[in-house]
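J.: All residue numbers for the sequence shown refer to this note's numbering, where the first residue is 3 and numbers rise by one. Quick reminder that beta carbons are idealized off the backbone N, C-alpha and C, glycines included. Just so you know, these numbers come straight off a predicted model, no measurement behind them. Here it is, the structure in full.
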Amino acid sequence: MILSEAHETHVYHVAGAHQRRFSLRGVRPHSEKRRGTQGDSWPHAVPALALHLGDCVVRTCSAFPAVHLIPVSAARNGASSKSRKRIMPDPVTEPPVTDPVYEALLYCNIPSVAERSMEGHAPHHFKLVSVQVLIRHGDRYPLYAIPKTKRPEIDCTLVANRKPYHPKLEGFVSHMSKGSGSSFESPLNSMPLYPNHALCEMGELTQTGIVQHLQNGQLLRDIYLKKHKLLPSDWSADQLYLETTGRSRTLQSGLALLYGFLPDFDWKKIYFRHQPSVLFCSGNCYCPVRNQYLEKEQRRQYLLRLKNSQLEQTYGEMARIVDIPTKQLRASNPIDSMLCHFCHNVSFPCTRSGCFDMEHFKVIKMHQIEDEKERREKRLYLGYSLLGAHPILNQTIDRMQRAAEGRKDELFALYSAHDVTLSPVLSALGLSEARFPRFAARLIFELWQDRDKPSEHAVRILYNGVDVTFHTSFCQDHHKRSSKPMCPLENLVRFVKRDMFVALDSSSTNYYDACHREGV
3 MILSEAHETH VYHVAGAHQR RFSLRGVRPH SEKRRGTQGD SWPHAVPALA LHLGDCVVRT
63 CSAFPAVHLI PVSAARNGAS SKSRKRIMPD PVTEPPVTDP VYEALLYCNI PSVAERSMEG
123 HAPHHFKLVS VQVLIRHGDR YPLYAIPKTK RPEIDCTLVA NRKPYHPKLE GFVSHMSKGS
183 GSSFESPLNS MPLYPNHALC EMGELTQTGI VQHLQNGQLL RDIYLKKHKL LPSDWSADQL
243 YLETTGRSRT LQSGLALLYG FLPDFDWKKI YFRHQPSVLF CSGNCYCPVR NQYLEKEQRR
303 QYLLRLKNSQ LEQTYGEMAR IVDIPTKQLR ASNPIDSMLC HFCHNVSFPC TRSGCFDMEH
363 FKVIKMHQIE DEKERREKRL YLGYSLLGAH PILNQTIDRM QRAAEGRKDE LFALYSAHDV
423 TLSPVLSALG LSEARFPRFA ARLIFELWQD RDKPSEHAVR ILYNGVDVTF HTSFCQDHHK
483 RSSKPMCPLE NLVRFVKRDM FVALDSSSTN YYDACHREGV
């Protein structure tokens with residue numbers, strides 16, 4: 003596996019020789035490309051998990067006339083709505099054995115009823131000061147096709163009478179049609195503001211993706227604007243900070259969330275900045291040591307794959323089905339394509355030689371699980387993550403410190419990004435057990451002021467609505483050392499300014515030195 007948006011690869015379908023349609027209800031638990039550019043690739047040596055991560059290495063969905071799968075909600079598969087949101091394994095509420103179907107349903111993040119979330123929760127004497135949101139784009143069409151298979155016919159126009167639907171969908175389309183991104187930073191100023199192809203283009207955001215972020219935006223509006231009055235009714239342009247990578251799916255996801263958050267916003271107040279790197283490292287992207295960690299991590303992944311004879315046998319079987327060399331099949335990263343099939347209820351690819359089936363997926367998925375386990379143990383990815391995530395975390399605490407000093411600009415920041423952006427940030431924060439970023443995942447940093455002691459500020463970190471503050475490496479022991487109910491801002495600042503370098507087992511005290519030290 004090589005970190006990329008290929009973990010979107012977690013796709014699990016059932017293919018059968020009898021070509022029957024059936025639901026996944028009742029299924030019992032059963033036991034990632036190296037180069038790219040910008041979300042689908044990595045100009046700054048961003049990981050590219052060939053089997054594993056997602057946006058950056060993806061393949062096309064293919065027609066599959068065999069078995070039609072009907073995704074059902076996790077709750078209908080025996081998991082409560084509460085457990086669906088968990089990012090940490092829970093032995094009580096989750097399947098005792100990793101269930102690829104259960105995980106895939108969570109990954110698809112199919113919009114349903116409004117989820118419960120913990121954003122905006124704090125003791126009554128705390129006041130919300132600022133919010134920073136890092137999102138992964140919503141559901142999208144794959145990036146590449148599996149050779150010799152037909153592209154699935156998925157419609158990327160936005161239609162009110164098609165599921166999934168959101169009450170603000172028509173308003174969003176109307177507002178985008180009237181608006182103009184011409185003032186956005188290049189190349190964003192030449193991109194479409196919403197998806198509009200009857201047959202999706204490769205990597206295009208789908209209606210599901212738009213609805214996912216309209217839902218995210220409305221949820222954050224209800225909490226941060228209606229309840230906490232984060233922005234005044236006459237908010238100004240300088241109170242927002244908006245940044246996205248140069249992909250239409252991230253720009254459109256950002257706009258959908260923003261429309262849910264600030265319906266019918268004034269276009270004159272909206273300015274999206276372009277971020278060339280999926281790591282959001284701006285002018286600090288050159289980091290040789292980070293690249294060394296990445297190369298070692300990729301080598302580890304490669305060696306683990308070589309040991310897995312069952313995995314190679316599975317790829318061989320799949321390659322014979324589509325009549326191509328195994329190496330070519332593996333390079334096309336078929337798992338990502340199948341995720342598209344699963345999330346959109348489209349059947350798996352078949353040829354005259356056979357069909358891709360559930361057994362193929364279980365083998366690949368189990369290899370992914372073993373890879374993740376070994377990755378945590380060997381900690382090479384952690385080294386990559388600490389250096390890869392430092393620039394964006396440094397920006398985050400700088401903005402928090404300005405807000406704590408009383409500055410009223412950039413009270414709400416939105417970064418619209420990829421799985422390869424969120425994944426290293428989660429790892430760097432110490433959230434190694436967190437689930438891989440699903441479609442439309444959100445990671446939120448809240449800054450709070452103690453009204454009783456106005457000079458004191460605290461932070462909360464939430465992942466997909468779950469408060470993970472006390473799972474982070476900088477605040478997991480807070481309650482052992484303090485009676486304060488919230489994690490002090492100083493903990494996060496100290497972590498980014500000092501402890502991230504200590505965690506690298508180096509004598510470096512700043513980012514530049516850590517990136518250029520010898521002997522990694």
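1) Rounded to whole angstroms, what's the CA-CA distance from residue 188 to residue 324? Just pull it up for me.
2) Buried or exposed for residue 321, going by 16 or more other Cβ atoms inside 10 Å?
3) Can you tell me the Cα-Cα spacing of residue 408 and residue 402, whole angstroms?
4) Evaluate residue 465 with the Cβ neighbour count: other Cβ atoms within 10 Å of its Cβ, from every protein chain shown; 16 or more gives buried, anything less gives exposed.
5) If you measure between the beta carbons of residue 521 and residue 475, is that distance less than 7 Å?
6) In whole angstroms, give me the CA-to-CA distance for residue 437 and residue 277.
7) So, under 8 Å CB-CB, residue 443 and residue 137 are touching, yes? Tell me the CB distance rounded to an integer number of Å.
8) What's the call for residue 285, buried or exposed, on a 16-neighbour Cβ count within 10 Å?
9) Could you give the C-beta distance for residue 274 and residue 256, rounded to a whole number, given that I count them as a contact under 8 Å?
10) Take every Cβ of the region 190-197, pair it with every Cβ of the region 385-405, and state whether three or more of those distances are shorter than 8 Å.
11) Quick one: grab the DSSP three-state call for residue 289.
12) Determine the direct distance from the alpha carbon of residue 382 to that of residue 503, and round the result to whole angstroms.
13) Whose C-alpha, out of 124, 313, 312 and 140, is nearest the C-alpha of residue 250?
14) Can you find at least 3 beta carbon pairs, one from the region 300-312 and one from the region 365-377, that sit closer than 8 Å?
15) Count the other CB atoms, across all protein chains shown, that sit within 10 Å of the CB of residue 327; report buried if there are 16 or more and exposed otherwise.
16) Within a Cβ cutoff of 8 Å, which residues of the same chain sit near residue 405, ignoring the five residues on either side of it in sequence?
17) Helix, strand or coil for residue 447? Go by DSSP, reduced to three states.
18) Can you tell me which of 218, 194, 105 and 101 puts its alpha carbon nearest to the alpha carbon of residue 113?
19) Grouping DSSP H, G and I as helix and E and B as strand, with all else coil, what is residue 168?
20) For residue 463, does the three-state DSSP call read helix, strand or coil?
21) Give the range of the beta strand (DSSP E) segment to which residue 476 is assigned.
22) Does DSSP put residue 376 in a helix, in a strand, or in coil?
23) State the DSSP-derived secondary structure class of residue 414, mapped to helix, strand or coil.
24) What residues are listed by DSSP as bridge partners for residue 245?
25) In three-state DSSP terms, what is residue 13?
26) What whole-angstrom Cβ distance do residue 419 and residue 247 have, given they're in contact under 8 Å?
27) On the three-state DSSP scale, how would you describe residue 325?
28) For the beta strand (DSSP E) holding residue 138, just list the boundary residues, first then last.
29) With distances taken between CB atoms, is the gap from residue 387 to residue 430 smaller than 7 Å?
30) In this structure, does DSSP put residue 158 in helix, strand or coil?
31) Quick test of your reading: residue 254 and residue 201, contact by CB under 8 Å. State the CB separation rounded to the nearest angstrom.
32) Please report the distance separating the alpha-carbon of residue 316 from that of residue 118.
33) So what does DSSP say about residue 181, is it helix, strand or coil?
34) Measuring alpha carbon to alpha carbon, tell me which residue in 96, 241 and 260 is nearest residue 173.
35) Closest to residue 468 by C-alpha separation, out of 486, 425, 445 and 424, would be which residue?
36) Tell me, please, whether the region 141-152 touches the region 330-345 by the rule of three or more beta-carbon pairs shorter than 8 Å.
T.: Short version:
1) Residue 324 has its alpha-carbon roughly 41 Å from the corresponding atom of residue 188.
2) Looking at its Cβ environment, which holds 16 or more other Cβ atoms inside 10 Å, residue 321 is buried.
3) Rounded to whole angstroms, the gap between the alpha carbons of residue 408 and residue 402 is 10 Å.
4) The residue in question, residue 465, is buried, as its Cβ has 16 or more Cβ neighbours within 10 Å.
5) No. Outside cutoff.
6) The straight-line gap from Cα to Cα measures roughly 25 Å.
7) Between the beta-carbon of residue 443 and that of residue 137 there is about 7 Å, and that keeps the pair under the 8 Å contact cut.
8) By the neighbour-count rule (16 or more Cβ atoms within 10 Å), residue 285 is not buried but exposed.
9) Residue 274 to residue 256, Cβ: 7 Å. Contact.
10) The region 190-197 makes no contact with the region 385-405, as fewer than three CB pairs between them are under 8 Å.
11) In the three-state scheme derived from DSSP, where H, G and I count as helix and E and B as strand, residue 289 is classed as coil.
12) So the two alpha carbons sit approximately 14 Å from each other.
13) In this structure, 140 is the residue among 124, 313, 312 and 140 with its C-alpha nearest to the C-alpha of residue 250.
14) Output reads yes: the region 365-377 touches the region 300-312.
15) It is exposed - the Cβ of residue 327 has fewer than 16 other Cβ atoms within 10 Å.
16) The answer, listed in chain order, is 131, 132, 412, 413 and 449.
17) Residue 447 sits in a strand when the DSSP states are folded into three classes.
18) Taking only the C-alpha atoms, the option nearest residue 113 is 218.
19) In the structure shown, the three-state DSSP call for residue 168 is coil.
20) Strand, per DSSP.
21) Annotation for residue 476: no beta strand (DSSP E) segment contains it, and DSSP assigns it neither H nor E.
22) If DSSP states are grouped into helix, strand and coil, residue 376 belongs with the helices.
23) The DSSP-derived three-state label of residue 414 is strand.
24) For residue 245, the pairing in a beta bridge is given by DSSP as 275 and 417.
25) Only weak support exists for where residue 13 lies, its pLDDT of 31 falling under 50; the value from the coordinates is given anyway. The three-state secondary structure of residue 13, taken from DSSP, is coil.
26) Sure, about 6 Å apart at Cβ, within 8 Å.
27) Reduced to three states, the DSSP call for residue 325 is coil.
28) Where residue 138 is concerned, the enclosing beta strand (DSSP E) stretches over 128-138.
29) A contact, by the Cβ cut-off of 7 Å.
30) Residue 158 falls in the coil class under three-state DSSP.
31) No, residue 254 and residue 201 are not in contact; Cβ-Cβ is about 17 Å, not under 8 Å.
32) A straight-line Cα-Cα distance of about 40 Å links residue 316 and residue 118.
33) Assigned with DSSP and collapsed to three states, residue 181 falls in coil, not helix or strand.
34) For the set 96, 241 and 260, the Cα lying nearest the Cα of residue 173 is the one of 260.
35) Shortest Cα-Cα distance from residue 468 to any of 486, 425, 445 and 424 involves 445.
36) Using a Cβ-Cβ distance cut-off of 8 Å, the region 141-152 and the region 330-345 are in contact, since at least three pairs of beta carbons, one from each stretch, lie closer than that value.
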